[in-house]
Structure formats: structure tokens, C-alpha cells
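In our numbering, the protein residues as written are 24 to 315.
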């Protein structure tokens, strides 16, 4: 069974709520990482831990659960997906929440060994998992199609993979002019959350503004960006970065993990979403203390 088939079967079981079958797709030493401060946040170890995570969802839900998986990107034993789930809560079943995620999976021995839930709207996700919190509306995503059953064009996947690799090649050379040629005229760079860097940066000048804010107002004298993994689909590419840096008010070097979610159209990068793996840690790291 290919890894694409593995994740497809896993999602079918997940959408159907078939607990035994879901657990059959993960290893005995499986780990599920869930960020934030809501009721379901934490790490879930082994099949028993994953079962607890799944039971938490079913017991908290008001009975509405509609899963859509518009994007699947596979690169060897690394899989990224983009999910959208419409759910309600028992405390107010009439309100339907839209929760948007990037999921990162690692495969071992043809089973899912580790998974990260990475909310694209972290405030909405935490609000959903906080009893009594006010209803929040997620940003509207694109119309979704079920990608787990489709066969994308291999040449487009390779092309998009190469475009993003070029982007990073020029990034490491500090060649902003070459980077800009890979971006569309209406390029958009987004950072969720409440940090100093959060916001929407429009056009290439917006990206340069983001970069200048990072370097001028946050970064200390140590900065190194590396790639953990990358996987491409027909229109989107997912990159897990880790950045080791200190800050101009703190000499200690910290490591931050983010997903760079690239959207590509007609050979140009139209949008990059900078999605923290742990938004709370990210917001804290990129927020200067009031005493400075």
C-alpha cells in the first residue's frame, strides 16, 4: 500500500468515526501533537493516547462533523494535508464552527508514526475548545474538493517543488530580486496570531516589510533557517522550517518551527501562509516585553 493510499484510507475511517479502524493505521509508539490552550491541547502517546484524543472530539462535539480534505502532498514518508472541519459543540449545537488545519504526518513501516495538528486560525481553534467562549468565524477558505481520491498531475508537483526550492535557494543567497521574480504581482504573505509580526503583507514590498521588521526589530546577532521537510501537490507546497535565532533583547538562541504553506498558480507563488506549529510559543517569542 502506498503512503497516499494509507492516508486516504485513514481519512475515510476518520470521517466515518470508525475508532478501531482509525487506530489500525497508527503505530504502537504513535504521538499526536495538538497545540494551544484549549481542552484538547497536549501530546497523546501510543494508541491509547490517540484513542483518548478521538474520544475527546466525539464527547465535546454537538453531533455535527463534516470533514473536507482539499489538498494532500506526499514526499516519501512525509505527508502534509490541508483539512477543513465543520463542527458544533454540545453547549450550543446551533452554531457551526469552521476549523482549518494543516496536518503533518510521518510514516514508519507503512503506518502513521507521528502527527501534528497545526491550526491555520489558532484563535478560532482555541475558542472552539474553550467551553463558554464566544463563537468565532474563521476566515473563508476556498471551495474544497476531496483530494484524497484524486490523482494530481505529477509534472505540476515536480514544477511546484522546484519553484519552492528555488525560492529558498535565493533566500539563502539573500537575493531578494531573484526571489521576487518567483512571486505573482498580487503576492500575499500572511502571519496569524497576535505577535509583533502578525498580519497580512501584500505584494512583494509587503514581504520585504515583513522581513525588515523581523531583522530590524526582533533578530539578534544569530539567525539560521533550515528545512525539516517539504512536500508538494498540484497547486500547493508545504515546508516545515525551523529557525534558530536569538533576539535583540535576549542573547539565548531559541528554535521555532513553522509551516510555510505556498499556493502556486501558473508558475508563480501567489500566497505564502506562515503558520506556526505552536502559535502560543511563536507569539511569545516574537513579542517584545513591555520593558523594552
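The beta-carbon is built from N, C-alpha and C at its ideal position, and this holds for glycine as well.
When the Cα atoms are used, what is the spatial distance from residue i to residue j?
i, j, result
"residue 207", "residue 186", "12 angstroms"
"residue 53", "residue 131", "10 angstroms"
"residue 31", "residue 178", "21 angstroms"
"residue 269", "residue 276", "4 angstroms"
"residue 24", "residue 123", "28 angstroms"
"residue 27", "residue 104", "11 angstroms"
"residue 282", "residue 40", "28 angstroms"
"residue 161", "residue 47", "32 angstroms"
"residue 8", "residue 152", "A question about residue 8 goes unanswered here, because the residues of the chain that appear run from 24 up to 315."
"residue 29", "residue 233", "38 angstroms"
"residue 35", "residue 202", "39 angstroms"
"residue 113", "residue 156", "13 angstroms"
"residue 199", "residue 231", "8 angstroms"
"residue 313", "residue 294", "32 angstroms"
"residue 154", "residue 127", "27 angstroms"
"residue 244", "residue 63", "37 angstroms"
"residue 273", "residue 246", "13 angstroms"
"residue 93", "residue 223", "23 angstroms"
"residue 67", "residue 180", "33 angstroms"
"residue 110", "residue 61", "15 angstroms"
"residue 225", "residue 210", "6 angstroms"
"residue 108", "residue 91", "6 angstroms"
"residue 228", "residue 235", "10 angstroms"
"residue 144", "residue 197", "30 angstroms"
"residue 205", "residue 290", "8 angstroms"
"residue 368", "residue 264", "Residue coverage of the chain in this structure runs from 24 to 315, which leaves residue 368 outside it and unanswerable."
"residue 292", "residue 286", "6 angstroms"
Taking the alpha-carbon of residue i as reference, which of the options has the nearest alpha-carbon?
i, options, result
"residue 51", "36, 73, 62", "73"
"residue 65", "247, 210, 141", "141"
"residue 250", "110, 244, 266", "266"
"residue 212", "296, 307, 42", "296"
"residue 307", "289, 200, 59, 229", "59"
"residue 81", "42, 222, 201, 143", "42"
"residue 280", "262, 290, 310", "262"
"residue 129", "288, 224, 45, 49", "49"
"residue 347", "112, 223, 183", "Residue 347 cannot be examined here, being either before or after the span of the chain that is shown, 24 to 315."
"residue 288", "258, 148, 190, 254", "258"
"residue 248", "205, 290, 191, 225", "191"
"residue 78", "294, 107, 115, 37", "37"
"residue 298", "311, 292, 309, 284", "284"
"residue 310", "143, 221, 252, 253", "221"
"residue 95", "290, 253, 110", "253"
"residue 56", "125, 176, 45, 278", "125"
"residue 260", "195, 193, 188", "188"
Report the partner residues of residue i according to the DSSP bridge assignment.
i, result
"residue 141", "125"
"residue 68", "54"
"residue 295", "212, 285"
"residue 278", "267"
"residue 273", "270"
"residue 91", "107"
"residue 96", "103"
"residue 131", "134"
"residue 49", "135"
"residue 84", "112"
"residue 120", "110"
Are the C-beta atoms of residue i and some chain C residue less than 8 angstroms apart?
i, result
"residue 34", "Absent from the structure: chain C. Only one protein chain is present."
Three or more C-beta pairs under 8 angstroms: does that hold for the region 96-103 against the region 129-142? yes
What beta strand (DSSP E) runs, 3 residues minimum, are completely inside the region 179-266? 206-214, 222-225, 242-255
Can you confirm whether the region 207-218 touches the region 294-303 when touching is taken to mean that 3 or more C-beta pairs between the two stretches lie within less than 8 angstroms? yes
Could you say if the region 226-240 and the region 68-87 meet the contact criterion of at least three C-beta pairs nearer than 8 angstroms? no
Can at least three beta-carbon pairs, one atom from the region 108-128 and one from the region 85-93, be found at a separation below 8 angstroms? yes
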